[in-house]
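For what it's worth, this note's numbering labels the leading residue of the sequence shown as -1, then goes sequentially.
Structure first, then comments.
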Amino acid sequence: MMMQNYLDEIKDKLYGESVVGKIWGVALPALKQKEPPTEFPDLTKEDRYITRDVEFWTSGFFAGNLYTLLERSEKYPKYYPSDKLNPLKLEFASKWWSEPLVAKKTKTDNHDLGFMIEPTFKKELDRSGSEKAKDVIITAARSLATRYDAKVGCIRSWDDFHGIIPCSYEKDLIVIIDNMCNLNLLYMGAILSGDLSLSTIATTHAETTLKNHFREDMSSYHALVYDRETGKVKEKLTVQGYADESSWARGQAWAILGYSETYYYTKDEKFLDAAKTISKYYMSQLTEDGVPPWDFHAPDKEIKDVASAMAAGLGMLKIYEYTKEKWFLNSTLKLVFDCTKIAYNDEAKWSDDGSVDIGKTDTILNKSTFFNKPSAPAEFRAANHGYVYADYYFLMIGNKLLELGLYDK
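Below you can see the structure in the form of structure tokens.
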């Protein structure tokens, strides 16, 4: 299918009233409470969100959904249903849902501060110049930097494997590919504070990961264990994928998005080349329906991961933004087209009084997979469900297409 055909086919799904209705319907109950929320949407079970506390790594994405729609209402009002939801209400909701995240800026026991902080506070800083948002970003970046190990040249990801794999906190350093998507926070902190040690840490982490995390075909392992004394790799694992030597789809997506964003801040061509090569590997592994399985080497190809597709798609769209190479734009559009064919929930309905009926499913998209490793206990596995960050990256792709002028030429 040609690029323009894809754009035409997905337009209503990207910018339809139901998209805003889904997010607003989930947000609304918390707005009626005396205090901001303490529980945040994560993934769905039987089509309804399971929530996690603010300490959980996905806690920033739902407020990020609200902020992404707020950005759309302010920059691209033609593509926002202001007759259904006044942007002033959306602004309040964005701040209400993000307020509990402020206290997480000093958190030093989690490598996912980028995921928790950037989706909200970067957008607030960009739209208003908020000193509060600036402080949150700088402080959080410095908190994340405390997890850096200079001998290894990486930020520590998990403190341990939760007893699944023997590991010593003192002797070992675990680094997962997901961490590439938290480097943005360090670069932003460096720009805002002038503390270039933050950006140096980010770039060194990206270089070390590029050197050690990838196979010859540029597929990525999920987790590496480094020896803190020597700085050398001890083990290469794929904890959330099918097997250690398999290709966990979401891990590849984190690599695409992480290296595309690292290139934005560094302008170092090796990071752009990495993002491009991983993208081509990713697209070459898709099944006939164009929707990534949860692991490219797993036998159960019917178990999908739309969250992987949306994160990878945003990364490829950024590559197109930098290079104007249409293959990357077309790949993003194809991922959105194919995923929305099987995973899009167009069912939220607005009432005249401004209330909304979400419908049978809380999320815009379903068919994401948290974890489906066959050897894992059944209670830890979750497959073909909705995921808060699948919706976030879907919304981000929508805004980026508008920013690039692809719907208003």
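Backbone N, C-alpha and C define an ideal beta-carbon position, used for all residues, glycine too.
The structure presented is a predicted model; accordingly, all values stated were derived computationally and were not measured.
Proximity to residue i [Cα-Cα], best of the options
i	options	result
Phe378	Val237, Ser71, Glu37, Thr144	Val237
Phe437	Leu64, Glu15, Arg248	Look at the range of the chain in this structure, -1 to 407, and you will see that residue 437 is not part of it.
Glu168	Thr49, Tyr224, Lys121, Ser195	Tyr224
Leu190	Glu205, Lys120, Cys165	Lys120
Arg50	Leu99, Lys30, Asp81, Glu15	Leu99
Ala272	Pro297, Asn210, Lys232, Leu327	Asn210
Ala148	Ser349, Glu129, Arg226, Pro79	Arg226
Leu88	Ala305, Ala188, Gly352	Gly352
Ile48	Ile317, Gly384, Leu393, Phe392	Gly384
Tyr262	Lys316, Leu399, Pro297	Lys316
Lys358	Ser373, Glu44, Leu208, Pro34	Glu44
Leu208	Asp124, Gly192, Gln250	Gln250
Tyr390	Pro372, Ala305, Ser349	Ala305
Thr106	Thr137, Val231, Gly229, Glu7	Thr137
Arg248	Lys232, Ser218, Lys230	Ser218
Lys274	Pro297, Lys322, Thr228	Lys322
Trp348	Cys165, Ile8, Leu26, Glu7	Leu26
C-beta contact flag for residue i and residue j at 8 Å
i	j	result
Ser244	His203	no
Val386	Gly19	no
Val150	Asp360	no
Thr118	Gly58	yes
Leu222	Val173	yes
Ala139	Met186	yes
Gly403	Lys332	no
Arg154	Leu142	no
Thr36	Val52	yes
Leu312	Gly256	no
Ile395	Val334	yes
Leu183	Ile254	no
Leu327	Met(-1)	no
Ala388	Leu363	yes
Glu15	Lys93	no
Tyr280	Asp215	no
Leu270	Tyr320	yes
Exposure label - residue i; buried when at least 16 CB within 10 Å
i	result
Met114	buried
Asp242	exposed
Glu69	buried
Glu259	buried
Ile162	exposed
Ala341	buried
Glu423	As shown, the chain starts at -1 and ends at 407. That puts residue 423 outside it, with no answer to give.
Gly201	Checking the sequence shown, residue 201 turns out to be Thr, not Gly. Flag for Thr201 reads buried.
Arg213	exposed
Thr206	buried
Thr104	exposed
Gln31	exposed
Thr376	Rather than Thr, the amino acid found at residue 376 in this sequence is Ala. Looking at its Cβ environment, which holds fewer than 16 other Cβ atoms inside 10 Å, Ala376 is exposed.
Asn397	buried
Gly267	With the sequence shown as reference, residue 267 is identified as Glu, and Gly is not the correct amino acid for it. Burial call: exposed.
Lys324	exposed
Lys408	Here the chain covers residues -1 to 407 and nothing more, so residue 408 does not appear.
Leu86	exposed
Ser197	buried
Glu129	exposed
Ala374	exposed
Beta-carbon contacts of residue i that lie in its chain and below 7 Å, excluding the five residues immediately before and after
i	result
Trp252	Ile175, Asp176, Met178, Cys179, Ala309
Ile21	Asn63, Leu64, Leu67
Lys302	Val289, Pro290, Pro291, Trp292, Lys365, Thr367, Asn382
Asp10	none
Ala307	Val289, Pro290, Leu333, Cys337
Ser329	Ser277, Met281, Met314
Leu194	Ala188
Ser80	Ser71
Residues near residue i by beta carbon distance below 6 Å, same chain, minus five either side
i	result
Lys265	none
Ala61	Trp95, Ser96, Thr118
Trp246	His220, Thr236, Gln238, Gly239, Asp293
Tyr4	Leu331, Phe335
Lys299	Thr285, Pro291
Asn370	Trp292, Ile301, Arg379, Ala381
Tyr13	Tyr77
Leu123	Ala131, Lys132
Close Cβ partners of residue i (< 8 Å) along its chain, the five nearest in sequence each way excluded
i	result
Trp55	Asn108, Asp110, Phe113, Met114
Ile199	Ala143, Tyr146, Ile153, Leu184
Lys230	Tyr224
Leu29	Phe90, Ala91, Trp94
Ile356	Gly19, Lys20, Gly23, Val24, Glu345, Ala346
Heavy atom of the ligand HEM within 7 Å of residue i beta-carbon
i	result
Leu181	In the structure on display, the ligand HEM does not appear, and there are no ligands present to speak of.
query: Do the stretch 342 to 351 and the stretch 271 to 290 meet, that is, are 3 or more Cβ pairs less than 8 Å apart?
result: no
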